[in-house]
């Protein structure tokens, strides 16, 4: 990158001198040699005219004197007259080209001096606008990611890490690149003069020529970064770049790669072909893809050359004659000159570019929220675009000394790949930029920014949202490439992004939380052990004669005395009361109205369970709370009709349920559980204890009411006691639930809002 990433070396100047000698030799050829050269090129042009149509810098059909003078480029996909852009089959129509006319940044101070301004209006003003899923300069192709005769079948390719490909896959890719370097592009020609001279010396010979598939990839990059020629005797203006130092950096290079990928798919006849990527964020000073089985190892004889064992040692560069372009106003042509130069980590004058970016640099870059920030240039701070391009530190702060990520990877190569106008000549460029695009696509996926974050105006010339990217044809805007690739462009990446390291504050926070949890667990274990020991000690002190046992001779069905209000312990006992909306709560001593239900616990060592959490609970109640909660969750919700509208619930009558035998009781419980027999572990054990304690009889009464869902108790006699949790938590939306009451002295009721 000569202008921004480093100047020419002495070796580069020698190569330019060799290029000048080559051009001189060409100019001094005899007339016969020139005639033969021209005939060969004309023959090649005739052959390529018969090829299938595709994307191009300009379509060959359009670069005739008539086509250029008319300013219209609307070919037919079938070649039939009157079928412009496939209009007869509904593929598209010929329309006027829309070019961005919004203000651009101050970096370019001229107007009308550069053919690339408001691209491509200097050359053409009408082109094909394709309908639906059709695409291409003549609407004869499908949009990216679609295929089939009607372009209605989705297709996608996966771009993978070249280091993780098999030996055969690596070799196939190398062979494909070499083939693209040597295969004349069947569908396009390139412009070799400025528009002012494009018609040739005689005014009737358009200055376009053929180029190979890969060299077109190189040429289009050069054309986007070349200086503005201001005329004879004037210094060309270098402060312009249509593909770097602005928001369009990521979108321009995305389409650049996409076009090469499609050209190679067509060349190979393999729509599944995908460009791999090079993960350059590995740190260190080793070029892991600089091996003879991949992109070429270092030569044993010249540290800046590629090993002769690599096919890439035979490649020659194009677009090297920068001085001629700047002083004579010429444009790069397809002439190949010197070999690729590369010396990874060899720039001893700049130690900071002797190492590749670190994995953490990628993660830091991905965390930046803003796509780009004013002035939308290489001086922007907190900008994802400027950071991935490499003019800011990975964390986003601009520093004129720093080169990171994309720029650092180029400079690390230290040769052809480190000079802007030449860099695509080194095939590492392809893999370096596919990884850059992978980072861009990951950022789009994580942040999902939308088109609105892309600056609509005031970006450097060529970089506004609606600017047609130079020199692509048919026109494509930056906005069209500012989309997630898998859903819109027909490709995705297979990338394992590095895990983010914990910060010091995060480590401290995790340590504190872990310590609190350990203390809580240890404290809980100690508390349980102490409570269990206390409980066993209390049981050991109880007199044996205090127990009451049933005699075999006693009548199991004898009546028990009625419970009176004064029998209630003179302590605060929590209760839960279900009151249908058409009834009122009564005192315990009176006859409850139809529909009332009382749930009471009089067990010792049982404490209140509040809605916000457990204050305290005895170990003997855990099983009971779990069982009742499980029954409520599993069974009550389907039976809410028992509580609606104040109607009498289905099943046995209150008198039957409360004065019935043990068998009838279990049948009532089974009715509550869905009229099926249930396992013992799913039932409340209402026969576990027998006692004359009034408080426990109150608990057994509540147990029976809950089990049968009967809310009209008439008697407290002949009921087997059953321990009950201290309070039942009733959902707010449970039909019939209205209040929660508290049983106080003498069992009086005190209503509280639900």
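Residue numbers (UniProt numbering): 1 to 754.
Here a beta-carbon is modelled for each residue, glycine too, at the ideal position from N, C-alpha and C.
Counting other Cβ atoms within 10 Å of its Cβ, residue 303 stays below 16 and is therefore classed as exposed. Sorting 184, 171, 244, 64 by C-alpha distance to the C-alpha of residue 462 places 244 at the top. Judged by DSSP in its simplified three-state form, residue 476 adopts coil rather than helix or strand. For residue 127, DSSP records a beta bridge to 73, 95. Our two residues, residue 237 and residue 228, have alpha carbons roughly 5 Å apart in a direct line. For residue 134, the three-state secondary structure derived from DSSP is strand. Around the Cβ of residue 365, a 10 Å sphere holds 16 or more other Cβ atoms; the residue is buried. 414 is the residue among 414, 335, 313 whose C-alpha sits nearest the C-alpha of residue 351. In this structure, residue 390 places its C-beta atom within 7 Å of the C-beta atom of residue 408. Comparing C-alpha distances from residue 385 to each of 411, 92, 153, 248 shows the shortest one belongs to 248. Burial state of residue 114 is buried, judged by a 10 Å Cβ sphere holding 16 or more other Cβ atoms.
When the Cα atoms are used, residue 329 and residue 197 turn out to be separated by approximately 10 Å.
For residue 189, the enclosing beta strand (DSSP E) has its first and last residue at 188-191. In the three-state scheme derived from DSSP, where H, G and I count as helix and E and B as strand, residue 306 is classed as strand. Comparing alpha-carbon positions, the option among 254, 100, 135, 279 lying closest to residue 467 turns out to be 100. With fewer than 16 other Cβ atoms inside 10 Å of its own Cβ, residue 448 counts as exposed. For residue 341 against residue 305, the beta-carbon gap comes to about 7 Å, under 8 Å, which counts as contact. Residue 411 counts as buried, since no fewer than 16 other beta carbons sit within 10 angstroms of its beta carbon. In this chain, the alpha helix (DSSP H) harbouring residue 446 covers 428-447. In the three-state reduction of the DSSP assignment, residue 197 falls in the helix class. DSSP places residue 492 in the uninterrupted beta strand (DSSP E) bounded by 491-493. Here residue 517 is exposed: its Cβ has fewer than 16 other Cβ atoms, across all protein chains shown, within 10 Å. Counting every other CB atom within 10 Å of its CB across the protein chains shown gives residue 258 a total of 16 or more, marking it as buried. Residues 363 of the same chain have their beta carbon placed closer than 7 Å to that of residue 500, with the five preceding and five following residues left out of the count. Assigned with DSSP and collapsed to three states, residue 146 falls in strand.
Under the three-state reduction of DSSP, residue 176 is assigned to helix. In the DSSP annotation of this structure, residue 158 is not part of any alpha helix (DSSP H); the continuous beta strand (DSSP E) holding it starts and ends at 157-159. Residue 246 is positioned such that its CB atom lies no closer than 7 Å to that of residue 108. Boundaries of the alpha helix (DSSP H) harbouring residue 408: 405-413, taken from the DSSP string. Annotation: residue 80 is outside any alpha helix (DSSP H) and is labelled neither H nor E by DSSP.
Non-local C-beta neighbours of residue 347 in its own chain, meaning closer than 6 Å and more than five positions away in sequence, comprise 353, 414, ordered along the chain.
In terms of Cβ geometry, residue 324 and residue 309 do not form a close pair [threshold 7 Å]. Counting along the chain, no alpha helix (DSSP H) covers residue 311, and no H or E run does either. Assignment of beta-bridge partners to residue 58 by DSSP yields 189. Look at residue 249 here: in three-state DSSP terms it is helix. Residue pairing from DSSP places residue 392 in a beta bridge opposite 398.
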